[in-house]
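Read the sequence shown against our numbering and you will find it ends at 493, with the numbers running on by one and no gaps.
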Amino acid sequence: MENRSQWGTRMGFLLAAIGSAVGLGNIWRFPATAFENGGGAFFVPYLFALLTAGIPLLIMEYTIGHKYRSSSPRSFAKISKGMEWIGWWQVFISFVISTYYPIIIAWSLMYAYFSFGTKWGDDPTGFFVGDYLNLADAGTFGSFVPSVLLPLIAVWILVFFFLGRGVKKGIEFANRIFIPTLFIVFFIIVIRAITLPGAVEGLNAFFEPDWSSILNGSVWVAAYGQIFFSLSIAFAIMITYSSYLPKKSDITNNAFITGFANSSFELLAGIGVFAALGFMAQQSGVSVSEVVQGGVGLAFMVFPEIISQMPGSAFFGFLFFASLFLAGLSSMISISETYIAGIQEKFSISRRSAVLIGGGLAFIVSLFYANQGGLNLLDTVDHFINNYGVALAGLFEVVAIAWFARELKNLQSHADSVSDIKLGVWWRLSLSIITPVILGCMMLLNLKNELS
Ligand code: PHE
Ligand code: NA
């Protein structure tokens, strides 16, 4: 297809790729994961994972997208007819995530609004679970939580709007606004956090290295897991986004920039979150390790409490939840684009129709989570997607490319033909041996934890 949509500028592509990578994983997953897996010592396996899996796979996905100029399913089909299903598997994983991710973005939107007047009062946990989500009769389907429904619809309207407008006028445009805003706002929050009393204790707890953790296999698996999730690898996203690159684009260089930008943001988030946790621990007279949490609990229960305790609550509360919102929405746009591009090509329909069909279906499914029983479902689905779906998608991808199609050399010469940085043995070894072995271990470890 010669009139394939394209990014307007190299910066536009980079902002969109960074927008996909930087998400809730950086803000609420990384800090707790690093803390629980060796603190300062976690940076060793983490950097190792970035350089032997994260960036190599990013280069591989960028090269596939750039070379075959197609969505993930069609790119795999072009490599080998029998591999199209790998692309569809990745698209399916992204589709499932896109049905519950907007719920969290919707909560962030509401909490940005609640920040004015700190509506959660002095019992943020009770407010979130009881007043806001109304989980009193969790387990029953059918009764919608109206406070989730309205912001959820608002999020979907934005997603439809940006995706409907296309690659340059929609996705690139959104990320051009969101990502610089996100970085500035988040930087302000981190400065505020590290100047709070108790911040130093928080940072000490975060960076204190437990060197013995380096000998622990599950710490290494956690590092690779964080890198995969955080770089949006094996979700069909990066293949789709790079398929819109102009012919002359330094893909290898772009992959390094994306990888380092994402990790920098992650480090910044770790510093901000732990400084704030240090402040909270000091205010309540407990040790930092007692208040460490990740995920939904960190964002909607712990953070409201911290925000209430600090001067300028409304302002900083708004900035924090606005960051979650922007980080989440730019990732949401990227996950949804995978199936929109996929069905658009498969059925030769217009982008608008693909947005209506794919997005419409995801929207309907997302309504199932917007009621009390649905939130339990969300947890279960998220667990399986993260523990098996993604690891399998990555494993299929590298084994198919490196071993079945024996495509690495071809991809390498393609990347080298447009890049200043030349790929070497490091790259092929990472993809043919290191990544498949680690992903295999990850699957086994998750299975073992499941059964025990
Ligand atoms: N990379 C995102 C993050 O770190 C998460 C994500 C995964 C987004 C998959 C889209 C798809 O939060
Ligand atoms: Na990330």
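Note that the Cβ used here is the ideal one computed from N, Cα and C, for glycine as well.
Could you name the residues that DSSP lists as bridge partners for residue i?
i, result
"Pro250", "Gly80"
Do you know whose CA, among the options, lies nearest residue i's CA?
i, options, result
"Ala147", "Ala118, Trp161, Trp197 and Gly123", "Trp197"
"Leu237", "Phe297, Ser304, Tyr265 and Gly313", "Gly313"
"Gly258", "Phe320, Glu491, Leu486 and Tyr429", "Leu486"
"Phe227", "Phe155, Thr379, Pro114 and Ala310", "Ala310"
"Gln350", "Ala246, Gly171 and Gly319", "Gly319"
"Phe202", "Leu419, Met342, Leu397 and Ile426", "Leu397"
"Ser325", "Gly239, Met342 and Phe388", "Gly239"
"Asn303", "Ala395, Asp420 and Leu56", "Leu56"
"Ala446", "Phe269, Phe71, Lys122 and Ala75", "Lys122"
"Asn44", "Tyr285, Leu99, Gly430 and Phe270", "Tyr285"
"Trp468", "Ala264, Ile347 and Leu449", "Leu449"
"Pro287", "Ala82, Val466, Asn417 and Val208", "Val208"
"Asn427", "Leu488, Ala443, Thr93 and Ile390", "Leu488"
"Gly205", "Ala395, Thr421, Phe409 and Gly53", "Ala395"
"Asn216", "Gly53, Glu491, Phe425 and Leu472", "Gly53"
"Leu223", "Gly49, Ile59 and Met342", "Ile59"
"Phe362", "Phe155, Ser116, Asn294 and Val85", "Phe155"
"Thr50", "Ser407, Phe214 and Ile138", "Phe214"
"Gly401", "Ala73, Ser139 and Gly80", "Ser139"
"Glu77", "Val241, Ser330, Leu244 and Tyr142", "Ser330"
"Met279", "Pro72, Leu99 and Gln453", "Leu99"
"Pro97", "Phe301, Gly338, Trp130 and Leu492", "Phe301"
"Ala456", "Thr93, Ile105, Ile405 and Ser113", "Ile105"
"Leu193", "Lys210, Ser46, Ser473 and Leu370", "Leu370"
"Phe71", "Phe169, Asn294, Val333 and Ser493", "Val333"
"Gln131", "Ala118, Val241 and Pro114", "Pro114"
"Ile235", "Met321, Leu92 and His424", "Met321"
"Ile255", "Leu419, Leu464, Ala90 and Leu452", "Ala90"
"Gly171", "Met342, Ile384 and Leu472", "Met342"
"Ala75", "Arg393, Trp261 and Asn451", "Trp261"
"Val327", "Gly338, Glu242, Ile384 and Trp252", "Glu242"
"Trp48", "Pro221, Ser290 and Lys108", "Ser290"
"Leu360", "Ser116, Tyr109, Leu150 and Phe117", "Leu150"
If the criterion is Cβ atoms closer than 8 Å, does the pair residue i and residue j meet it?
i, j, result
"Gly162", "Ala355", "no"
"Val459", "Ile292", "yes"
"Gln267", "Tyr87", "yes"
"Ile232", "Gly95", "no"
"Glu102", "Ser283", "yes"
"Ala368", "Leu65", "yes"
"Ala340", "Trp69", "yes"
"Ile127", "Glu386", "no"
"Ile443", "Ile144", "Looking at the sequence itself, residue 443 is Ala, so the reference to Ile does not match. Going by C-beta atoms, Ala443 is not nearer than 8 Å to Ile144."
"Val189", "Met373", "no"
"Lys83", "Ala195", "A small fix is needed here, since residue 83 is Phe in this sequence, not Lys. Cβ atoms of Phe83 and Ala195: not closer than 8 Å."
"Gly358", "Ile348", "yes"
"Ala432", "Phe136", "no"
"Pro165", "Pro352", "no"
"Ile134", "Phe276", "yes"
"Glu307", "Ser271", "yes"
"Leu436", "Gly481", "yes"
"Tyr141", "Ser389", "no"
"Phe247", "Gly79", "no"
"Lys119", "Ser112", "no"
"Glu378", "Thr281", "yes"
"Phe425", "Ala153", "no"
"Asn294", "Asp461", "yes"
"Ser471", "Thr93", "yes"
"Phe244", "Phe169", "The sequence given here has Leu at residue 244, not Phe. Cβ atoms of Leu244 and Phe169: not closer than 8 Å."
Closer than 7 Å to a non-hydrogen atom of the ligand GTP - does that hold for the CB of residue i?
i, result
"Leu55", "Only the ligand PHE and the ligand NA can be found as ligands here, which leaves the ligand GTP out of the picture."
Any chance you could list the alpha helix (DSSP H) runs of at least 4 consecutive residues sitting entirely within the region 335-418, in chain order? Positions of the alpha helix (DSSP H) runs, each at least 4 residues long and wholly inside the region 335-418, are given as 344-350, 354-387, 392-395 and 401-408 in order along the chain.
At 4 residues or longer, and completely inside the region 238-316: list those alpha helix (DSSP H) runs for me, N to C. 240-248, 258-271 and 278-283
Using the beta-carbon of each residue, find all residues closer than 6 Å to any heavy atom of the ligand NA and list them in chain order. Qualifying residues come out as Ala62, Val63, Gly64, Gly66, Asn67, Ser271 and Asn303.
Just to confirm the assignment: which complete alpha helix (DSSP H) runs, minimum length 4, are found wholly within the region 74-137? 84-90, 96-109 and 113-120
List in chain order: all unbroken beta strand (DSSP E) runs of 3+ residues lying wholly within the region 165-232. none
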